[in-house]
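S.K.: In terms of the numbering used here, the sequence shown is numbered consecutively and its last residue is 637. Don't be surprised by glycine CBs; every beta carbon is placed ideally from N, CA and C.
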Amino acid sequence: MNHQSLSAFIWSVADLLRGDYKQSDYGKVILPFTVLRRLDCVLAPTKAAVLAELDKRQGAGLNPEPFLLRAAGQSFFNTSPMDMAKLMGDPDNIAANLYAYIQAFSADVRDIFESFEFTTQIDRLAKAGLLYQVTERFARADLSPSSVDNHQMGLAFEDLIRKFSELSNETAGEHFTPREVIKLMVSLLFVEDDDALSKPGVVRTIYDPTVGTGGMLSVAEERLGEMNPAARLTMFGQELNPESYAICKADMLIKGQDVANIIFGNTLSDDGHPTKQFDYMLSNPPFGVEWKKVEKVVRAEHEQQGFNGRFGPGLPRVSDGSLLFLMHLLAKMRPAVDGGSRFGIVLNGSPLFTGGAGSGESEIRRYLLESDLVEAIVALPTDMFYNTGIATYVWIVSNRKPAHRRGKLQLIDASGFWRKMRKSLGSKRREMSEDDIETVTRLFGGFQAAQLATVLDAEGKETERAVVVDGEAPPVAPEGGKVKPAPLSLILDNAAFGYRTITVERPLLDDQGRPVLGLKGKKKGQPQPDSARRDTENVPLAEDVETYFEREVKPHAPDAWIDHDKTKVGYEIPFNRHFYVFEPPRDLAEIDADLLAVTDRIKTMIEEMAA
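#1: For Gly551 and Asp561, I'd like the C-alpha separation in whole angstroms.
#2: DSSP beta-bridge partners for Ser348?
#3: Touch check for the stretch 399 to 411 and the stretch 457 to 471: three-plus C-beta pairs under 8 Å?
#4: Using a Cβ-Cβ distance cut-off of 8 Å, determine whether Pro553 contacts chain C.
#5: The beta strand (DSSP E) with Lys446 in it runs from where to where?
#6: Pick out whichever of Ala70, Phe470 and Pro107 has its Cα sitting closest to the Cα of Ala98.
#7: Is the distance from the Cβ of Val466 to the Cβ of Ile438 below 8 Å?
#8: Assign Asp305 to one of two classes, buried (16 or more other C-beta atoms within 10 Å of its C-beta) or exposed (fewer than that).
#9: Apart from the five residues just before and just after Phe290, which ones in its own chain have a Cβ nearer than 6 Å to its Cβ?
#10: Looking only at C-alpha atoms, which of Ala167, Gly506, Leu622 and Gln436 sits nearest to Glu488?
#11: Kindly indicate which three-state DSSP category Gln538 falls into: helix, strand or coil?
#12: Which one of Pro553, Val372, Arg391 and Glu634 has the shortest CA to CA distance from Gly539?
#13: Would you check if the distance between the CB atom of Leu399 and the CB atom of Ser424 is smaller than 8 Å?
#14: Can you say whether Leu621 is buried or exposed, counting buried as having 16 or more other CB atoms within 10 angstroms of its CB?
#15: Hey, how far is the Cα of Asp626 from the Cα of Leu614?
#16: In whole angstroms, what separates the C-alpha of Leu65 from that of Arg426?
#17: Along the chain, where does the alpha helix (DSSP H) containing Met635 start, and where does it finish?
#18: Work out the CA separation of Gly340 and Glu531 for me, nearest whole Å.
#19: One question on the structure: do Ala246 and Val212 come within less than 8 Å of each other, judged by their Cβ atoms?
#20: Assuming the contact rule is C-beta atoms closer than 8 Å, Ala512 and Gln477 should be a hit. Round their C-beta distance to whole Å, please.
#21: Based on Cα-Cα distance, which residue from Ser224, Lys449, His328 and Gly415 lies nearest to Ile390?
#22: Quick one: Cα of Glu634 to Cα of Asp618, how far?
#23: Could you tell me the boundaries of the alpha helix (DSSP H) in which Lys54 lies?
#24: Secondary structure at Gly370, three-state DSSP: helix, strand or coil?
#25: To which residues does DSSP link Arg526 through a beta bridge?
#26: Starting from Ile416, follow the beta strand (DSSP E) in both directions and report where the run begins and ends.
#27: Is the separation between the beta-carbon of Phe369 and that of Leu355 shorter than 8 Å?
#28: Under 7 Å Cβ to Cβ from Pro428, same chain only, skipping five residues before and after it: list those, please.
#29: According to DSSP, what are the bridge partners of Arg544?
#30: On the DSSP bridge list, what partners appear for Gly386?
#31: Could you tell me how far apart the beta carbons of Leu223 and Met253 are, in whole angstroms, since I believe they sit closer than 8 Å?
#32: Please say whether Lys449 and Asn520 have beta carbons closer to each other than 8 Å?
#33: Have a look at Arg150, Gln100 and Leu151 and flag the residue whose alpha-carbon is nearest the alpha-carbon of Asn176.
#34: Out of Arg559, Ala499 and Ser441, point me to the one whose CA is closest to Tyr606's CA.
#35: Considering only residues of the same chain and omitting the five flanking positions on each side of Gly381, which have a CB-CB separation below 6 Å?
#36: Which residue or residues does DSSP assign as beta-bridge partners of Tyr127?
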């Protein structure tokens, strides 16, 4: 049974639920039952040995758990004499027996079913008279490892997760990242390490602090498996939503991962992996969500621990906590001397430019760029996510930049690389193709500056688009047509994003228009500043402040001076400004001709109506 036919079979259970359950609630029944049947099949060969070991160790007064794990040959066990086939033999007591069977699992598995709130669904199904039918349908499915291996089972489970997320697309964005976005992030994450990751027996760790249903970890494992089937990716994560946590933990269990690595709780206020560091990390934190609920804990860590904690560089405004997740990932990076780390994080536009010099956001950007940690920022197409249509960006951050990337930041505008979906899912109307992902990955991996050349025919219609890397010849325009180039990939110095905010003072004037002078202290005999005439200027870091002042300010305000005590350094990444292409307006004679033609047409229509 391949994973498509397996997920189709499981999906058929939905026919039983129709009418008693809303479509968006099907997953609350089907997902936990799928997990239960898989575990039931996995434990079947060792069932008798586990029960015998239980009697033996309890009789000796010993803690049986380590012996049961060894007897089961898994990271979990079940001590009930029941299994799903035996449950079918007692229809009248199906609810009580099913509940007892679940309680007999080891703690990690019970945690999954508790987070699913599975007992609530058992009660609901029993009241609707559906519990026996649903259980019987799953009991017929052969999900044993000999019939369906971990990889196939994992793919089938992912298919189900995706279907249920799409059915409830009003909340899908909270715990489900579009698969093509994850594929792009994983490709960017691994592209520079292809050689290292292709070695036999390689083991790497990957972490997602906002793990959701585990989609990012699963795609990373799948991609690494394609590159090197002998490689192993050990997965770690943390999730706040109980249902998403249960799904992720179940998915990890089905794939043979250590489910103890998936932690429940709020990553910002209660770090579930406080001492761990990782090779790779991925995250799609919530956009524009305030962090007031955890403000007290976060501020305390920032003020008391500084750079020994996670939030040393600064704190963003309370209305958007996405940069807190970025700093959390920075704290999880393996030191460069130990091999370093690389991570990808999806953010909205706000972290690029929000906050002036000296603000928390600017200080975080300053730390990232002055520490030379950002490799690239990629602009994604709009309308890519289920619950928002806003512009989004993938940041690739690393403390082990290759020599040719040091001191540089690559900006890639992939906002035009999309195709329209046949059917919209919530706010998601667009998707990236495999070719789009390959193109962006190639630009990043090659560290190439490039342009996107659009070829127009004589009538101004687009005939083709071509990616033109610096040094390559652009496509040739057809007769009467033209080629419109636009920046696609830019490579800039980190310092290009820095600036100094200088305070420009003007003198306070008395009634006669003369400067008021200070009478004591350091300011004695010097003009007093007029706060009403005070202004600020942003001077690029690469430019001398005095040269800028003489050129831009002095000609307009000869009596002005700089208060150097108030100068602040800031950083912003004005992505759109770097990719803006000026289009000159049409010739006035051409516009006049168009207006005249329209006017004549309207005049003719009026005359025809009057006739």
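M.R.: Let's see:
#1: 23 Å
#2: Its beta-bridge partners do not exist; DSSP assigns none.
#3: yes
#4: Among the protein chains of the structure shown there is no chain C, as only one such chain exists.
#5: Arg445 to Leu451
#6: Ala70
#7: yes
#8: By the beta-carbon neighbour count (other beta carbons within 10 angstroms, threshold 16), Asp305 is buried.
#9: Non-local beta-carbon contacts of Phe290 in its own chain, meaning distances under 6 Å to residues more than five positions away in sequence, involve Tyr271 in chain order.
#10: Cα-wise, what sits closest to Glu488 is Gly506.
#11: Coil at Gln538, not helix or strand.
#12: Pro553
#13: yes
#14: Counting Cβ neighbours within 10 Å, Leu621 comes out exposed, since fewer than 16 surround it.
#15: 18 Å
#16: 41 Å
#17: Leu614 to Ala636
#18: 29 Å
#19: yes
#20: 6 Å
#21: His328
#22: So the two alpha carbons sit approximately 24 Å from each other.
#23: Gly53 to Leu69
#24: strand
#25: Per DSSP, the beta bridge partners of Arg526 are Val565 and Val595.
#26: Counting along the chain, Ile416 falls outside any beta strand (DSSP E), and DSSP gives it neither H nor E.
#27: yes
#28: If we look at Pro428 and ignore the five residues flanking it on each side, its Cβ neighbours are Glu218.
#29: The sequence as given places Gly at residue 544; Arg does not occur at that position. Lys550.
#30: Answer is none; Gly386 lacks a bridge partner.
#31: Correct: roughly 6 Å between the Cβ atoms.
#32: no
#33: Among Arg150, Gln100 and Leu151, the Cα nearest to that of Asn176 is on Gln100.
#34: Ser441
#35: Glu387 and Ser388
#36: Residue pairing by DSSP places Tyr127 opposite no residue, since no beta bridge is assigned to it.
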